[in-house]
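Engineer: Here you go, one structure.
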Amino acid sequence: MAKFGLRSEFAYHPRDMWTFRIAVVIAALTAAIPVAAQQTTPVVDTRAAYDAAFEETLRKPADPPTLLRYAELAVQVGDLEGAISALERLLLIDSDQPKIKLELGVLYYRLASYEAARSYLESARASSRASPETKERAKQFLKEVDSKSGKSQFSGDLLFGIGYSTNANTGPAGAIQSFGATVVPTPTVSGRPDFNVIGAGTIRHRYDLGRQDNGALESDLGFYGARQFQVSEANVYLLDFTTGPRTSPFEDGWLNDMTVKPFFTGRYVSVNSLPSYWAWGAGMEAATPLGPQINSALTVFGRRREFLNNPDAPTNNQSSGNEAVAVLDFRVALTKYMTLSLNGALTRYIAEVASESYLEFGFGGAMQVRFADPLGINGRTWSVTASASTAQAAYDAADITVNPFIARSQFDINLGFVLLVPLSDSLTLVGQTNYTQRTASLTNYAYEAFTTLVGIGWRF
Amino acid sequence: MTRWGIRIVLMAFVVALAAESAWARVGVTSVTDGDPLGQPPAEPERVLRVGVDVQANEKITTKANDRAHVVFLDGTSLTIGPNSVLAIDKYVYDPNRKTGEMALSATRGAFRFVGGAISKNSEVTIKTPSATLGIRGGIVAFSVSASGATHASFLYGESMRVTSSQGSTQTATRNGSEITVPVGGPPTTPALIPFGGTIGERSFERSQVGPAEAEAAIQQQTTASQPTSPTSAPTPTTTTSSPTTQPVTTSIEEAFDRSGFGKSNSLLGPQLALTKGIRSDAKQDKPGQGGDKGASTSVTRLQRIAGRAITQQNIVFNTTATTKADPGNSAFGQAQGNSGNNKGKGKGKGNNN
């Protein structure tokens, strides 16, 4: 197996590059922190106001304005049970309050207590004192309650957009090698810029197994299609499917919140309208909270990739092989407005030929910051996500058709930035930009690309 | 006074303080209907009116037309329906650490428990003639029949453990589950409340409100705003009411419209309501339990897969094309010719040249 650490042979290896990369990664991850910091001070004030409002409810326990003030602050600090307690108190004073029942139904809906939500929402809708607006809103939430509490539930998201890449076919920028000799790059082999249209989405199905641990058979079908304006070899279509039952096997102890999901996964990819590969395999995901604000997930799986020869890639089948993958994810809610995600992945791929076998290690992080609509368009919460990731791969043996003496090894860096602007409950304007740079021991594999995408996302 | 004398006086003072704290206020009566009665441990029984303090070890009794709502110092609230008997066996709360202990006994009746700070950190126990409920961080509606059988609906929270008097235990962890314990029998397996099944809030609701009740509420509130001590609590007498021109129904609606509460709740709409203001609780974000990484994450993952596929295929293509153009690299331009002759490939590359 080839070893890591061939940096001195990398095609792009200015010594200052490492300093630059680290600086960029740190800058990308911390760029949003000042924005979020501005949002944290009011949280502290809200908490103090919430505590004071609770004390006030002890002094004026049946005063509607006092209870509603407390309920409002309770919602703001995330104490939905406190808000429920205050509003249910108002129903004890007068049960025929459709607006209060509507709000209670929504609070239970937000807590995923759907039968309680349904009871209040139906009561609100049936009240003779309910205004048409209240009835309509209750109906709207009842529809959601029905969709979320059924045994079989579909959800998903779709994205349509237009993109541009400075290197659509991820071709090399510099000279390439053949049998160890440096050859002149040509436009056909080199990277080329292009626009494309993209359609992507994921459809999720959840079949409730009726268990106390919320066990369900979860199935995800993802699809992605990108059609280039000119560089047809970068046209790509793929289907990705995963299914498996998620359960919580531990009832007690420190692992009682852990969920596990054994799964089967399959994938089909075509490039330039030619079959590229099939993949199928199975694995296991274990996810558990590590604290009030931290989620973690470990996924391991084995997969067979069957590459298919085609006119573009007549020796594609040499890349066929088996892979073992382990991925570790952490998701940390730093504040109400900031979420940090970290992940690491290790892949061992054993192909039909040693020159296509590799060991890859990667890690990355993303910081999402949510903030109030700065333009006052519709008052919804926007978000920006800055991400950075790296991956390093070392191949087992040299490919004699490229260079008989130097095995391929490569180092990837990827920087990303995503802006999400919600237009309605289900529509979101998406702006995305990415920079990818691959340095490699052989110039054939090195490239860099700057891509952008603007699109509309629809969630259902 | 000698040194020993001072010590004895101080100790007596401390003991007296401790005894008083045992009967200290643990909550306040927040809403009442009818004449619910409270029996503190060392005081005569009294009618619980809005604002009357509730003490540790107090026994609360309601008759057919009575209801009461009590808020505890940690934020826990308890609704007591008609024909109910309940005792506060233990209540300890440290407001600085937001921790404590709470134990209740329900002999009969219908109740709704909404957990506060204590239940978020430790289990609150409720003993009935047939079972013991252990509630963590949640909302539970439960009833005890005249025979002593217990029926509990777990509406929200971490868990509701139900142990029968014989020691058999069942635990509900899923919102909207119910467990029944017959007298002398084991608890049933937790079952989901059937679609459209009532949660039972109507037994706690007051059907009509008139001027008398409104006035009573206002009057009691005024009383509550005055400093009260356990010894100054009213004795069991019926409250005299006077007419009022401001029914509570109107004031609730007006207060609601003025509050703007809906803006942070129902007006958000079904999708936004799920993401805004929800506690950043890792459990709620657990995969399969409400967590959703969002569309952009899904698309990013698919984009990465697609990108790798493009790179892989084009590397093989480039290598093939270059190899065919070799050996000797004398005519690398043939690579273009070869690629141009490749089926399907020539279209893109040829056109670009």
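Protein sequence lines correspond, in order, to chains A and B.
Our numbering puts the first sequence at residues 54 to 513.
Our numbering puts the second sequence at residues 4 to 356.
Every residue, glycine too, gets a C-beta built ideally from N, C-alpha and C.
1) Starting from the beta carbon of A:T110, find every residue of chain B whose beta carbon is closer than 8 Å, and list them in chain order.
2) Please confirm if A:T318 has its CB atom under 8 Å from at least one CB of chain B.
3) Classify A:S410 as buried or exposed, calling it buried when 16 or more other Cβ atoms lie within 10 Å of its own Cβ.
4) Run through chain B and tell me which residues come within less than 8 Å of A:I466, C-beta to C-beta.
5) Of all Cβ atoms in chain B, is any one closer than 8 Å to the Cβ of A:G418?
6) Please report how far the alpha carbon of B:N178 lies from the alpha carbon of A:G275, in whole angstroms.
7) What do you reckon, are the CB atoms on B:V165 and B:A134 nearer than 8 Å?
8) Excluding five sequence neighbours on each side, which residues of the same chain lie with their C-beta closer than 7 Å to the C-beta of A:A89?
9) When you compare the CB positions of B:N317 and A:T223, do they come within less than 8 Å of one another, or not?
10) Can you check the stretch 420-465 of chain A for any beta strand (DSSP E) of at least 3 residues that lies completely inside it and give the ranges in chain order?
11) Between which two residues does the beta strand (DSSP E) holding A:T187 run?
12) Going by DSSP in three states, A:L395 sits in which element: helix, strand or coil?
13) Under 7 Å between beta-carbons, which chain B residues line up against A:L143? List them in chain order, please.
14) Under a three-way DSSP split, which group does B:N124 fall into?
15) Determine the closest residue to A:A234 out of A:G417, A:V455, A:L480 and A:W307, with distance taken between C-alpha atoms.
16) Do A:A441 and A:E413 have their beta-carbon atoms positioned less than 8 Å apart in this structure?
17) If you drop the 5 nearest sequence neighbours on each side, which residues of the same chain put their C-beta closer than 6 Å to that of B:E23?
18) Where A:G336 and A:K201 are concerned, what is the direct C-alpha to C-alpha distance, given to the nearest angstrom?
19) Our contact map puts A:A287 next to B:I313 with C-beta atoms below 8 Å; I'd like the distance itself, whole angstroms only.
20) Are the stretch 223-232 of chain A and the stretch 264-279 of chain B touching by the rule of at least three beta carbon pairs closer than 8 Å?
21) Measuring only the C-alpha atoms, how far is A:D365 from A:L327?
22) Tell me the rounded alpha-carbon separation between A:Y161 and A:F354.
23) How about A:A404 and A:S436: are their beta carbons less than 8 Å apart?
24) From B:S267 to A:S176, what distance separates their C-alpha atoms?
25) At a CB-CB cut-off below 8 Å, which residues of chain B make contact with A:V422?
26) Taking just the CA atoms, how far does A:L143 sit from A:G429?
27) Leaving out five residues before and five after A:P246 in sequence, what residues of the same chain have Cβ atoms less than 6 Å from its Cβ?
28) Quick one: measure Cβ to Cβ for A:F513 and A:S477, integer angstroms, because I've assumed they're closer than 8 Å.
29) Note the first and the last residue of the continuous beta strand (DSSP E) segment covering B:G140.
30) Are the C-beta of B:G151 and some C-beta of chain A separated by less than 8 Å?
31) If we ignore side chains and look at the alpha-carbon of each, how far apart do A:A502 and A:G510 end up?
32) Can you check whether the CB of B:G112 is closer than 8 Å to the CB of B:S146?
33) If you follow the alpha helix (DSSP H) that A:G135 is in, where does it begin and where does it stop?
34) Would you mind stating whether B:R139 and B:G170 have Cβ atoms separated by less than 8 Å?
35) Note down the Cα distance separating A:L212 from A:S285, rounded to an integer number of angstroms.
36) For A:I229, which residues of its own chain have a beta-carbon under 7 Å away from its beta-carbon, when the five flanking residues on both sides are left out?
Structural biologist: Let's see:
1) Residue 110 of chain A sits at position 57 when you count from the first residue of the first sequence. What A:T110 touches in chain B: S33 and V74.
2) If you number the first sequence from 1, residue 318 of chain A lands on position 265. Closer than 8 Å to the CB of A:T318 there is not a single CB belonging to chain B.
3) Residue mapping note: residue 410 of chain A aligns to position 357 of the first sequence, counting from 1. Classification for A:S410: buried.
4) As a position in the first sequence, residue 466 of chain A is number 413, starting the count at 1. Simply none; closest approach about 14 Å.
5) Taking the first residue of the first sequence as position 1, residue 418 of chain A is located at position 365. For A:G418, the answer is no, since every Cβ of chain B falls outside 8 Å of its Cβ.
6) Along the second sequence, read from residue 1 onward, the residue named residue 178 of chain B stands at position 175. Along the first sequence, read from residue 1 onward, the residue named residue 275 of chain A stands at position 222. Spanning the two alpha carbons is a distance of roughly 30 Å.
7) Counting from one through the second sequence, the residue named residue 165 of chain B turns up at place 162. Counting from one through the second sequence, the residue named residue 134 of chain B turns up at place 131. Their beta carbons are under 8 Å apart, which means B:V165 touches B:A134 by this criterion.
8) Against the first sequence, residue 89 of chain A aligns to sequence position 36. Reliability fails at A:A89, whose pLDDT of 46 lies under 50, so the model's placement of it is uncertain and the value that follows must be treated cautiously. Within the same chain, A:A89 has close Cβ partners T388, Y390, M391 and V422.
9) Here the question's residue 317 of chain B lines up with position 314 in the second sequence. Here the question's residue 223 of chain A lines up with position 170 in the first sequence. In contact: B:N317 and A:T223 (Cβ atoms closer than 8 Å).
10) Counting only runs of 3 or more, we get 434-448.
11) Here residue 187 of chain A is taken as the residue at index 134 of the first sequence, counted from 1. Where A:T187 is concerned, there is no enclosing beta strand (DSSP E), although the alpha helix (DSSP H) it sits in stretches over P185 to S202.
12) The residue labelled residue 395 of chain A in the question sits at position 342 within the first sequence. Looking at A:L395 - three-state DSSP - the assignment turns out to be strand.
13) Your numbering for residue 143 of chain A matches position 90 in the first sequence. Per Cβ cutoff of 7 Å: I255.
14) Residue mapping note: residue 124 of chain B aligns to position 121 of the second sequence, counting from 1. Helix at B:N124.
15) As a working mapping, residue 234 of chain A is identified with position 181 in the first sequence. A:A234 has its Cα closest to that of A:V455, out of A:G417, A:V455, A:L480 and A:W307.
16) On the first sequence, position 360 is the one that residue 413 of chain A refers to. On the first sequence, position 388 is the one that residue 441 of chain A refers to. For A:E413 and A:A441, no; Cβs fall outside 8 Å.
17) Taking the first residue of the second sequence as position 1, residue 23 of chain B is located at position 20. Low confidence applies here, because B:E23 scores a pLDDT of 45, under 50, leaving its location unreliable; read the following figure in that light. Correct list: empty, nothing qualifies.
18) Here residue 336 of chain A refers to the residue found at position 283 of the first sequence. Here residue 201 of chain A refers to the residue found at position 148 of the first sequence. Looking at the two C-alpha atoms, the distance is approximately 27 Å.
19) Position 234 of the first sequence, counting from 1, holds the residue named residue 287 of chain A. Position 310 of the second sequence, counting from 1, holds the residue named residue 313 of chain B. About 5 Å separates the two Cβ atoms, so the contact holds.
20) no
21) Here residue 365 of chain A refers to the residue found at position 312 when the first sequence is read from its first residue. Here residue 327 of chain A refers to the residue found at position 274 when the first sequence is read from its first residue. Cα to Cα, A:D365 sits roughly 8 Å from A:L327.
22) The residue given as residue 161 of chain A occupies position 108 in the first sequence. The residue given as residue 354 of chain A occupies position 301 in the first sequence. Computed Cα separation, rounded: 38 Å.
23) Position 351 of the first sequence holds residue 404 of chain A. Position 383 of the first sequence holds residue 436 of chain A. No, the Cβ-Cβ distance between A:A404 and A:S436 is not below 8 Å.
24) Residue mapping note: residue 267 of chain B aligns to position 264 of the second sequence, counting from 1. Residue mapping note: residue 176 of chain A aligns to position 123 of the first sequence, counting from 1. Approximately 21 Å, taken between the alpha carbons.
25) The sequence position of residue 422 of chain A within the first sequence is 369, counting from 1. Here the premise fails: no neighbours, minimum Cβ distance about 14 Å.
26) Within the first sequence, numbered from 1, the residue matching residue 429 of chain A stands at position 376. Within the first sequence, numbered from 1, the residue matching residue 143 of chain A stands at position 90. So the alpha carbons of these two residues sit roughly 34 Å apart.
27) One-based indexing of the first sequence puts residue 246 of chain A at position 193. The residues are T219.
28) Translated into the one-based positions of the first sequence, residue 513 of chain A becomes position 460. Translated into the one-based positions of the first sequence, residue 477 of chain A becomes position 424. Their Cβ separation, rounded to whole angstroms, is 12 Å, which puts A:F513 and A:S477 out of contact at 8 Å.
29) Here residue 140 of chain B refers to the residue found at position 137 of the second sequence. From DSSP, B:G140 is part of no beta strand (DSSP E); its letter is neither H nor E.
30) Walking along the second sequence from the start, residue 151 of chain B turns up at place 148. Cβ-Cβ to chain A under 8 Å: no for B:G151.
31) Within the first sequence, the letter at position 449 stands for residue 502 of chain A. Within the first sequence, the letter at position 457 stands for residue 510 of chain A. Cα to Cα, A:A502 sits roughly 24 Å from A:G510.
32) Against the second sequence, residue 146 of chain B aligns to sequence position 143. Against the second sequence, residue 112 of chain B aligns to sequence position 109. It is a contact, given that the beta carbons lie within the stated cut-off.
33) By one-based count along the first sequence, residue 135 of chain A stands at place 82. Looking at the DSSP string, the run of the alpha helix (DSSP H) that includes A:G135 is L133 to I146.
34) Here residue 139 of chain B refers to the residue found at position 136 of the second sequence. Here residue 170 of chain B refers to the residue found at position 167 of the second sequence. No, the pair does not count as a contact, with Cβ atoms beyond the cut-off.
35) On the first sequence, position 159 is the one that residue 212 of chain A refers to. On the first sequence, position 232 is the one that residue 285 of chain A refers to. Rounded to whole angstroms, A:L212 to A:S285 spans 21 Å at the Cα level.
36) Residue numbering aside, residue 229 of chain A sits at position 176 when the first sequence is read from its first letter. Closer than 7 Å at the Cβ level, and outside the excluded window around A:I229, lie V236, P238, V242, T496 and N497.
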